[in-house]
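In this note's numbering, the protein residues as written are 830 to 1530.
Ideal Cβ placement from N, Cα and C applies to all residues, glycine included.
Values in this document were obtained by computation on a predicted structure and should not be read as measured data.
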Amino acid sequence: MADTPTLGAPPAAPPKGRFDPLVMLAGIFLALAFALAAVPAFKAGPDKLAGLLLLMGLGAVAVLVLVAFRGGRDVAVEDEDGVDLVIQALGEPAAVVGADGRLQGGNAAWVEATGDLKRLPRHGPAASSLFQALQSARRGQTGQASLKALGRDHAASVAPLGEGRYLIRLADSAAEPLRLTGEAPAALQTAPLRVVPTGPAVLDAYAAASPFGAALLDGEEVFSARIVEANPALAGMVGGSAVVGQTFGDLISRASHIDAALGVSEGRAGPFEVRLAHDPTRVAHLYLARTDGRLVAFLVDVTAQKQIELQLAQAQKMQAIGQLAGGVAHDFNNLLTAIQVLLDELLQRHPLGDPSYEGLNEIRQTATRAADLVRKLLTFSRKSTVQREVLDLGELITGFEVLLRRLLREDVKMVTDYGRDLPTVRVDKGQIETAVMNLAVNARDAMRDAKVGGTVKIRTARLTYAEAKDLGYAGLAMGDMALIEVSDDGPGIAPNVVGKIFEPFFTTKAVGEGTGLGLATVWGIVKQSDGWIHVQSEVAPNEGHGAAFRIFLPVHVRSANDAPAPAATPLRPAARDLSGVGRILFVEDEPTVRKVAARLLRARGYDVIEACDGEAALLLAEEYAGKIDLMISDVIMPGIDGPTLLKKARGYLGEAPVMFISGYAEAEFSDLLEGETGVTFLPKPLDIKMLAERVKEQLAA
């Protein structure tokens, strides 16, 4: 069947010769050649006899060489140490190989498993592992490799076998590979033979050195299988403990067993998402491979990847909610503007003392609360109007500390901790005050709901980038950071709630006790201030733990371009003349807002031209070219928006000032006004008194 030499005859009985058809065929052809050559030689006489004898001599030499060559291949490997007896006794395929990789003999099982294999492979994937195994055997160790023969992959072990000879076994078992030396045969001949089960004996060299976890399992079911061998990476993943001999299911969290087991039963190899038993916060992908009745499991730690995916999903969700909230707030602002300007008009007709005044005043208060709700939505969506100024961090918190103390209950103590060398920050003062106030009120309500008194602590400090990172900062800005921390010793926040607290309209309070926009507003303020907010919470009341909200803001370095702090403005007189003269082009796509505002401005002496969109306004600007004293325009309109309208109508407006009104932040469109002068901004919802004041200021300028 094959030409591989076979070990097995005892040394006292030399191996018997065997019938070789090639040798017989060579003899027959040689005899024919002699007969054919002899006939003409005898007829020719003695002068041809010498040539005939020379031909016969050469033929005899050729036969001897062929016999020697063929017979040499049948000579059994010299068995000075009796190794052939042991090899023949082995149940698994085994062979002797030389230092050059040539096979010197093998048992019947080897010939059956490998076929006509004369030497170990020198090329291909298996060659590398075989070379490493031979190197280990030369150092007196047992090497592990893989060997492919007759289309099948075999796990092979290579052990030293005297000088320049090595024993190679295709051992698909967990047993220790056979180790032979010159003194081994006597012990091996008396030792009982072991039954070798099928399956890979060891992990291959690639799995053993891989940066992810790999384990060889003995068992049919993955989570009840015993770990036969594991690489160092797996031990590191599960806490650094020894894992060989353990049940593989003990390394995986019980909650992950069901999904992975269902996937295995369906014949899938993975990946199955599992959590590790020693630390359920760590997530891994499990891959399985079944080879000859055994399982090889691979665990890849994807904890960091999952965290990035969750952060990305959360950011995308918050962005989508912000866009929705901003759009709703913009439309709601138009409605509130119409309500407020109509109320202003009605309150002028029904002053204090009129029977209708009280009802109108309640409507105005409700509209004011609605406007505050809209401002929170715009802040969350980062579209609110921001007026940044350079402020000292300590003075910023000290300025409204008294107000914060009044907001807390009598049984809630407030403690402030001002660090040294506090930096300056460039923020909107009102927004930061709102954020800190919301956090303090939330801490107060949490302790009230838990029916425990406590302490609210406000801490400010300057941090290095490394210190900020240790406290939870994960933003993109580098350098020193300003910290505002609001913490309490209340009941803390449940882990399943922490990921939702910044979402708008999410609240843990009872129905009717909260809008769910407090922390959403804080999130929007911090993001709009180019900062970062981090929450640390432990559900451990009465132990000095609770929730800690940390706001990180970039430190501002003062420069010569910083505007000086505004001087205190004198108190404005209670009564002021808001009437005036001039032609105003009023552009607004909301009919109610446009009509009411235009009517009230006309009542104060102005000539108002109304336009329902940008296209109509452009035509009116051309018609009244040089005769318009002020243009008031909405920013977001169908068709031509406000900034585009200004660029197209500037030639007709001349040097006339322009006032934009919008529910969106000025930063949303300020880049579209590059190069424009005489442009101001008034946020919605509009107050008719404020509108009249700004109109008079612009026309007077």
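DSSP lists T1289 as the beta-bridge partner residues of Y1247. Straight-line measurement puts the Cα of R998 at about 5 Å from the Cα of A985.
Per DSSP, the continuous alpha helix (DSSP H) segment holding T1350 begins and ends at G1347 to Q1357.
Distance from the CA atom of A962 to the CA atom of T971, rounded to whole angstroms, is 7 Å. The beta carbon of K1329 is closer than 6 Å to those of F1335 in its chain, skipping five residues each way along the sequence. Shortest Cα-Cα distance from E1239 to any of G1283, D1299, F1229 and P1252 involves G1283. Beta bridge pairing from DSSP links P1420 with no other residue.
CA-to-CA, the gap between G920 and T1132 works out to about 46 Å. Under DSSP, the beta-bridge partners assigned to D1047 are R1055.
When rounded, the separation of the alpha-carbon atoms in N1163 and V1384 is 37 Å.
Here DSSP, grouped into helix, strand and coil, assigns R981 to strand. DSSP assignment within the segment 1083–1132 yields the following whole beta strand (DSSP E) runs of 3 residues or more, N-terminal first: 1101–1104, 1112–1120 and 1123–1130.
With distances taken between CA atoms, T1421 lies nearest to L1172 out of L1172, T943, S1039 and L1046. Excluding residues up to 5 positions away in sequence, C1441, D1442, D1463, M1466 and P1467 lie with their Cβ nearer than 8 Å to the Cβ of D1418 in the same chain. For Y1481, the enclosing alpha helix (DSSP H) covers residues G1471 to L1482. Apart from sequence neighbours up to five positions away, the residues of its chain that approach S1408 with a beta-carbon distance below 6 Å are R1433 and G1434, ordered along the chain. Residue burial annotation: A1142 is exposed, with fewer than 16 other C-beta atoms found within 10 angstroms of its C-beta.
For the pair R1178 and L1189, the Cα-to-Cα distance works out to about 11 Å.
Your pair V1351 and L1268 checks out as a contact, with CB atoms roughly 6 Å apart and the cut at 8 Å.
By the neighbour-count criterion, in which 16 or more other beta carbons inside 10 Å mark a residue as buried, S1185 falls on the exposed side. Cβ contact annotation for L1063 (same chain, cutoff 7 Å, sequence separation greater than five): G1042, A1043, A1044, V1072 and L1128, in chain order. Across the structure, A1106 and F1077 are spaced so that their CA atoms are roughly 11 Å apart. Segment contact: the segment 1298–1309 against the segment 1260–1267, fewer than three CB-CB distances shorter than 8 Å; contact not assigned. Burial state of G1471 is buried, judged by a 10 Å Cβ sphere holding 16 or more other Cβ atoms. The beta carbon of I1362 is closer than 6 Å to those of V1355 and I1380 in its chain, skipping five residues each way along the sequence. Across the structure, D1318 and L1475 are spaced so that their CA atoms are roughly 55 Å apart.
Approximately 6 Å separates the beta-carbon atoms of L1115 and A1089; this is inside 8 Å, confirming the contact.
If you look at E1314, you'll find it in the beta strand (DSSP E) that goes M1310 to D1317.
DSSP places T1509 inside the beta strand (DSSP E), whose first and last residues are V1508 to P1512. The Cβ atoms of T1253 and D1221 sit closer than 7 Å to each other. DSSP, reduced to helix, strand and coil, places Y1294 within a helical segment of the structure shown. In the DSSP assignment, T1263 falls within the unbroken alpha helix (DSSP H) covering K1258 to D1278.
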